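Have a look at the structure below before the remarks.
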Amino acid sequence: SGQKIGIGSGSTVVYAVNELGNLYKNGSVKDIICVPSSFQAMQLIISNKLPLGDLQQCPCLDMCIDGADEVDENLNCIKQSRYLGEQWPFVPIEVLPSAFQPIMQRIQNTYGGECNLRMALKKAGPVVTDNGNFIIDWKFPSVVNGNLSLKQLNEKIIMIPGVVETGFFIDVVTKAYFGMKDGSVREAIPKHAH
């Protein structure tokens, strides 16, 4: 209650937002504002009749809910094992459309691996984000040139002109919940926090 909650667009977010909607409807949760990260998240908030806000109204969020494709022991995540990249070897990188080619070349030449423009499945052409940008899928090598930490690597990629954001979430997750096959939920905190 009383919190500003960021809502992501991961596929598992639906379950959390549906439950939040139920808690809000029955009065267990009050005085919240839900801030979507995308059009899809906004539709989910609206369909659950939750109070909708935006970053102009709520520039500082109390918590964020999202899903991740892969999470390591320190709760570093890839959106889209113990080491990141074992299960999902591609990291999505959002880029300005006019810069995708030089960005792909720079990443491959500097850090190794292979970059490909993500193509749409149900239409001709590339995937276009809610902000009108393209997505590059970077299949990063098992050893990145320069022997950088994930945090350093993420910072360097974000600094490339034309890069909007990466699918790495490094040192931002304070707690994670994992839905297990038996229906139970496992809670985790970053290993470095112990």
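Numbering of the sequence shown is given in the numbering used here, commencing with residue 2 and proceeding in unit increments. The beta carbon of each residue, even a glycine, is placed where N, CA and C say it ideally should be. Keep in mind that this is a model prediction, so the values were computed, not measured.
DSSP state of residue i mapped onto helix, strand, coil
i    : result
V15  : helix
E115 : strand
E71  : strand
I34  : strand
L62  : coil
P127 : strand
L53  : strand
P90  : coil
F101 : helix
Alpha carbon of residue i to alpha carbon of residue j, nearest angstrom
i    : j    : result
I66  : H193 : 21 Å
P52  : Y16  : 17 Å
S82  : Q153 : With a pLDDT of only 42 at S82, under 50, the local geometry of the prediction cannot be trusted, and the value read off the model is given with reservation. Each residue's Cα considered, the two are about 21 Å apart.
V96  : G168 : 12 Å
L76  : V186 : 16 Å
A121 : I136 : 10 Å
S39  : P98  : 19 Å
L56  : G163 : 23 Å
I34  : G54  : 6 Å
E20  : A100 : 40 Å
S29  : N49  : 15 Å
N155 : G133 : 22 Å
T13  : A177 : 13 Å
D32  : M181 : 31 Å
Beta carbon proximity, residue i to chain C, threshold 9 Å
i   : result
L97 : In the structure shown, chain C does not exist; there is a single protein chain.
Integer Cβ distance of residue i from residue j, believed to fall under 8 Å
i  : j   : result
I8 : P37 : 5 Å
K5 : D63 : 5 Å
Bridge partner(s) assigned by DSSP for residue i
i    : result
I161 : BP columns for I161 are empty, so no partner.
Y178 : E188
K5   : I34
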